[in-house]
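Step one of this worksheet: look at the structure below.
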Amino acid sequence: MAMTILLADDHALFRDGMRYVLQQLDKQVDILDASSFPEALQQVESHPGVDLALMDLNMPGSDGAASVRIFHLRHPEIPLVVVSGSDQRDDIERVMEFGAMGFVSKMSSGKVMLSALRMVLDGGVYLPPQLLQQTMAAMEHGHMDKRSSRSNEFGLTVRQMEVLRHLAEGKPNKDIAREMNLAEGTIKIHVAAVFQSLHVNSRLEAVRAGQRLGLLQQEG
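Position one of the sequence shown corresponds to residue 1496 (my numbering), numbered consecutively onward.
So this is what it looks like as C-alpha coordinates:
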(Lines of atoms letter the chains of each structure in order from A and count residues from 1; the text may use other names and numbers.)
(Lines give C-alpha, C1' and ligand atoms only; values in the text may rest on other atoms or scores of the structure.)
Protein backbone atom coordinates (compact mmCIF):
# COMPACT_ATOMS: atom_id res chain seq x y z
CA MET A 1 0.00 0.00 0.00
CA ALA A 2 1.11 3.54 -0.72
CA MET A 3 2.19 5.88 2.06
CA THR A 4 -0.05 8.95 2.17
CA ILE A 5 1.45 12.26 3.26
CA LEU A 6 -0.21 15.62 3.73
CA LEU A 7 2.01 18.54 2.67
CA ALA A 8 0.55 21.85 3.81
CA ASP A 9 2.44 25.00 2.80
CA ASP A 10 1.39 28.08 0.86
CA HIS A 11 4.59 28.25 -1.21
CA ALA A 12 4.23 26.13 -4.34
CA LEU A 13 7.98 26.15 -4.99
CA PHE A 14 8.66 24.69 -1.53
CA ARG A 15 6.00 22.02 -2.05
CA ASP A 16 7.55 21.07 -5.41
CA GLY A 17 10.95 20.63 -3.77
CA MET A 18 9.48 18.65 -0.87
CA ARG A 19 7.69 16.29 -3.24
CA TYR A 20 11.05 15.07 -4.50
CA VAL A 21 12.27 14.50 -0.94
CA LEU A 22 9.09 12.78 0.22
CA GLN A 23 9.10 10.35 -2.72
CA GLN A 24 12.24 8.85 -1.19
CA LEU A 25 10.43 7.79 1.99
CA ASP A 26 8.80 4.73 0.48
CA LYS A 27 8.38 2.81 -2.76
CA GLN A 28 5.03 4.47 -3.39
CA VAL A 29 4.08 7.81 -1.83
CA ASP A 30 0.83 9.70 -2.41
CA ILE A 31 1.11 13.38 -1.53
CA LEU A 32 -1.89 15.54 -0.66
CA ASP A 33 -1.17 19.22 -1.33
CA ALA A 34 -2.70 22.03 0.72
CA SER A 35 -1.93 25.74 0.49
CA SER A 36 -3.96 26.81 3.53
CA PHE A 37 -4.89 25.44 6.93
CA PRO A 38 -8.60 24.94 6.06
CA GLU A 39 -7.54 23.08 2.91
CA ALA A 40 -5.22 20.89 4.99
CA LEU A 41 -8.11 19.87 7.24
CA GLN A 42 -10.32 19.25 4.21
CA GLN A 43 -7.71 17.06 2.56
CA VAL A 44 -7.36 14.87 5.64
CA GLU A 45 -11.10 14.54 6.06
CA SER A 46 -11.47 13.59 2.39
CA HIS A 47 -8.63 11.05 2.43
CA PRO A 48 -8.78 8.70 5.42
CA GLY A 49 -5.58 6.89 6.28
CA VAL A 50 -3.04 9.71 6.11
CA ASP A 51 0.25 8.37 7.49
CA LEU A 52 2.09 11.66 8.10
CA ALA A 53 1.34 15.38 8.03
CA LEU A 54 3.81 18.18 7.34
CA MET A 55 2.55 21.66 8.09
CA ASP A 56 3.86 25.21 8.01
CA LEU A 57 2.84 27.50 10.86
CA ASN A 58 2.42 30.58 8.68
CA MET A 59 -0.06 30.06 5.86
CA PRO A 60 -3.54 31.36 5.06
CA GLY A 61 -6.13 30.39 7.65
CA SER A 62 -3.51 29.32 10.18
CA ASP A 63 -3.25 30.66 13.72
CA GLY A 64 0.34 29.56 14.18
CA ALA A 65 0.95 27.03 16.93
CA ALA A 66 -2.74 27.06 17.85
CA SER A 67 -3.50 25.41 14.50
CA VAL A 68 -1.29 22.49 15.55
CA ARG A 69 -3.58 21.96 18.53
CA ILE A 70 -6.69 22.07 16.33
CA PHE A 71 -5.23 19.57 13.88
CA HIS A 72 -4.07 17.23 16.64
CA LEU A 73 -7.41 17.31 18.44
CA ARG A 74 -9.23 16.40 15.23
CA HIS A 75 -6.71 13.81 14.05
CA PRO A 76 -4.63 12.56 17.00
CA GLU A 77 -3.72 9.40 15.10
CA ILE A 78 -1.72 11.29 12.46
CA PRO A 79 1.90 12.15 13.39
CA LEU A 80 2.35 15.84 12.68
CA VAL A 81 5.66 17.53 11.84
CA VAL A 82 5.95 21.31 11.74
CA VAL A 83 8.17 22.51 8.89
CA SER A 84 8.94 26.14 9.55
CA GLY A 85 11.33 28.97 8.83
CA SER A 86 11.14 29.97 12.49
CA ASP A 87 13.90 29.12 14.93
CA GLN A 88 12.23 30.49 18.04
CA ARG A 89 12.47 28.28 21.12
CA ASP A 90 8.99 29.34 22.27
CA ASP A 91 7.50 28.15 18.99
CA ILE A 92 9.11 24.75 19.42
CA GLU A 93 7.88 24.30 23.00
CA ARG A 94 4.34 25.33 22.04
CA VAL A 95 3.96 23.09 18.99
CA MET A 96 5.34 20.09 20.88
CA GLU A 97 2.91 20.73 23.71
CA PHE A 98 0.05 21.13 21.22
CA GLY A 99 0.62 17.72 19.65
CA ALA A 100 3.45 17.92 17.10
CA MET A 101 5.94 15.05 16.97
CA GLY A 102 8.65 16.99 15.21
CA PHE A 103 9.92 20.43 14.25
CA VAL A 104 12.10 20.76 11.15
CA SER A 105 13.66 23.92 9.79
CA LYS A 106 13.00 24.79 6.15
CA MET A 107 16.74 25.40 5.90
CA SER A 108 17.42 21.69 6.49
CA SER A 109 18.99 19.56 3.78
CA GLY A 110 17.01 16.80 2.10
CA LYS A 111 19.07 14.22 4.01
CA VAL A 112 18.23 15.80 7.37
CA MET A 113 14.57 16.11 6.39
CA LEU A 114 14.36 12.43 5.46
CA SER A 115 16.09 11.36 8.67
CA ALA A 116 13.72 13.48 10.74
CA LEU A 117 10.60 12.16 9.03
CA ARG A 118 11.71 8.55 9.29
CA MET A 119 12.33 9.07 12.98
CA VAL A 120 8.78 10.37 13.47
CA LEU A 121 7.30 7.56 11.35
CA ASP A 122 9.12 5.11 13.66
CA GLY A 123 7.38 6.68 16.64
CA GLY A 124 10.20 9.00 17.62
CA VAL A 125 10.46 12.74 18.18
CA TYR A 126 12.66 15.08 16.16
CA LEU A 127 13.99 18.54 16.94
CA PRO A 128 16.94 20.28 15.23
CA PRO A 129 20.06 19.57 17.37
CA GLN A 130 21.01 23.22 17.85
CA LEU A 131 17.49 24.28 18.80
CA LEU A 132 17.13 21.22 21.03
CA GLN A 133 20.28 22.17 22.93
CA GLN A 134 19.05 25.73 23.40
CA THR A 135 15.64 24.55 24.54
CA MET A 136 17.05 22.00 26.98
CA ALA A 137 19.49 24.54 28.42
CA ALA A 138 16.65 26.99 29.05
CA MET A 139 14.46 24.29 30.59
CA GLU A 140 17.18 23.02 32.92
CA HIS A 141 18.26 26.54 33.88
CA GLY A 142 14.74 27.29 35.03
CA HIS A 143 14.53 24.18 37.22
CA MET A 144 15.17 24.72 40.91
CA ASP A 145 16.97 21.42 41.53
CA LYS A 146 20.36 21.98 39.89
CA ARG A 147 21.20 18.30 40.24
CA SER A 148 18.62 17.54 37.55
CA SER A 149 20.66 19.51 34.99
CA ARG A 150 23.89 17.58 35.50
CA SER A 151 24.68 15.21 32.67
CA ASN A 152 26.21 11.77 33.05
CA GLU A 153 29.03 10.49 30.84
CA PHE A 154 26.52 9.83 28.06
CA GLY A 155 25.09 13.35 28.14
CA LEU A 156 21.82 12.40 29.84
CA THR A 157 20.46 14.46 32.71
CA VAL A 158 18.65 12.98 35.70
CA ARG A 159 15.28 13.69 34.12
CA GLN A 160 16.31 12.20 30.79
CA MET A 161 17.46 9.07 32.56
CA GLU A 162 14.04 8.83 34.18
CA VAL A 163 12.39 9.28 30.79
CA LEU A 164 14.61 6.51 29.36
CA ARG A 165 13.53 4.15 32.14
CA HIS A 166 9.89 4.88 31.35
CA LEU A 167 10.55 4.23 27.66
CA ALA A 168 12.02 0.86 28.63
CA GLU A 169 8.72 0.09 30.35
CA GLY A 170 6.88 0.79 27.10
CA LYS A 171 4.96 3.79 28.43
CA PRO A 172 3.58 6.41 26.00
CA ASN A 173 4.51 10.07 26.42
CA LYS A 174 1.15 10.90 27.98
CA ASP A 175 1.66 8.38 30.81
CA ILE A 176 5.26 9.46 31.34
CA ALA A 177 4.13 13.07 31.62
CA ARG A 178 1.55 12.15 34.25
CA GLU A 179 3.99 10.12 36.34
CA MET A 180 6.72 12.79 36.17
CA ASN A 181 4.25 15.62 36.69
CA LEU A 182 5.44 17.39 33.54
CA ALA A 183 3.71 18.65 30.40
CA GLU A 184 3.57 16.14 27.56
CA GLY A 185 5.38 18.59 25.30
CA THR A 186 8.23 18.72 27.82
CA ILE A 187 8.45 14.92 27.76
CA LYS A 188 8.68 14.96 23.97
CA ILE A 189 11.60 17.37 24.18
CA HIS A 190 13.33 15.11 26.73
CA VAL A 191 12.74 12.11 24.44
CA ALA A 192 14.32 14.00 21.54
CA ALA A 193 17.30 14.81 23.78
CA VAL A 194 17.65 11.13 24.74
CA PHE A 195 17.67 10.15 21.06
CA GLN A 196 20.34 12.74 20.27
CA SER A 197 22.56 11.80 23.20
CA LEU A 198 22.38 8.08 22.45
CA HIS A 199 22.58 8.59 18.66
CA VAL A 200 19.39 6.62 17.97
CA ASN A 201 16.28 7.16 15.87
CA SER A 202 13.53 5.31 17.71
CA ARG A 203 12.25 4.38 21.16
CA LEU A 204 13.29 0.75 20.66
CA GLU A 205 16.81 1.77 19.65
CA ALA A 206 16.99 4.06 22.69
CA VAL A 207 16.06 1.21 25.02
CA ARG A 208 18.54 -1.17 23.39
CA ALA A 209 21.29 1.44 23.63
CA GLY A 210 20.42 2.07 27.27
CA GLN A 211 20.68 -1.65 28.01
CA ARG A 212 23.94 -2.00 26.11
CA LEU A 213 25.48 0.94 27.97
CA GLY A 214 24.34 -0.31 31.36
CA LEU A 215 21.92 2.58 31.89
CA LEU A 216 18.94 0.27 32.43
CA GLN A 217 20.40 -2.28 34.80
CA GLN A 218 17.78 -3.76 37.04
CA GLU A 219 17.94 -2.85 40.68
CA GLY A 220 18.13 -5.39 43.42
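Even glycine gets a Cβ: it sits at the ideal position worked out from N, Cα and C.
This one's a predicted model, so the numbers in the text were calculated from it and none came from an experiment.
Rounding to the nearest angstrom, what Cα-Cα distance links residue i and residue j in this structure?
i	j	result
leucine 1502	glutamine 1538	10 Å
alanine 1633	isoleucine 1684	12 Å
isoleucine 1526	alanine 1497	10 Å
leucine 1536	glutamine 1518	22 Å
arginine 1707	glutamine 1629	28 Å
serine 1531	leucine 1710	45 Å
alanine 1688	serine 1603	19 Å
leucine 1520	glycine 1512	14 Å
valine 1576	leucine 1612	8 Å
proline 1533	asparagine 1696	32 Å
leucine 1651	alanine 1704	13 Å
leucine 1609	leucine 1662	24 Å
Would residue i and residue j qualify as a contact pair, given that the criterion is a beta-carbon distance under 8 Å?
i	j	result
serine 1600	aspartate 1585	no
alanine 1701	phenylalanine 1690	yes
lysine 1669	glutamate 1657	no
methionine 1578	methionine 1596	Note that residue 1578 is valine in the sequence shown here, rather than methionine. Taking 8 Å as the Cβ cut-off, valine 1578 and methionine 1596 do not qualify as a contacting pair.
methionine 1550	aspartate 1505	no
valine 1728	threonine 1499	There is no way to answer for residue 1728, as the model of the chain reaches only from 1496 to 1715.
phenylalanine 1598	valine 1590	yes
glycine 1580	valine 1516	no
Quick check on residue i: does DSSP put it in helix, strand or coil?
i	result
leucine 1508	helix
phenylalanine 1593	coil
leucine 1708	coil
histidine 1525	Contrary to the premise, residue 1525 reads as aspartate rather than histidine in this sequence. Note: aspartate 1525 maps to strand in three-state DSSP.
methionine 1550	strand
threonine 1652	coil
leucine 1520	coil
Using 10 angstroms around the beta-carbon of residue i, count the other beta-carbons present and answer buried if the total reaches 16, otherwise exposed.
i	result
serine 1541	exposed
tyrosine 1621	buried
proline 1623	buried
alanine 1507	exposed
arginine 1510	buried
glycine 1619	buried
glutamine 1523	exposed
proline 1574	buried
leucine 1568	exposed
asparagine 1647	exposed
alanine 1561	exposed
glycine 1594	buried
_Which runs of the alpha helix (DSSP H) at least 4 residues long sit entirely within the segment 1591 to 1633? Give them in chain order._
1605 to 1616
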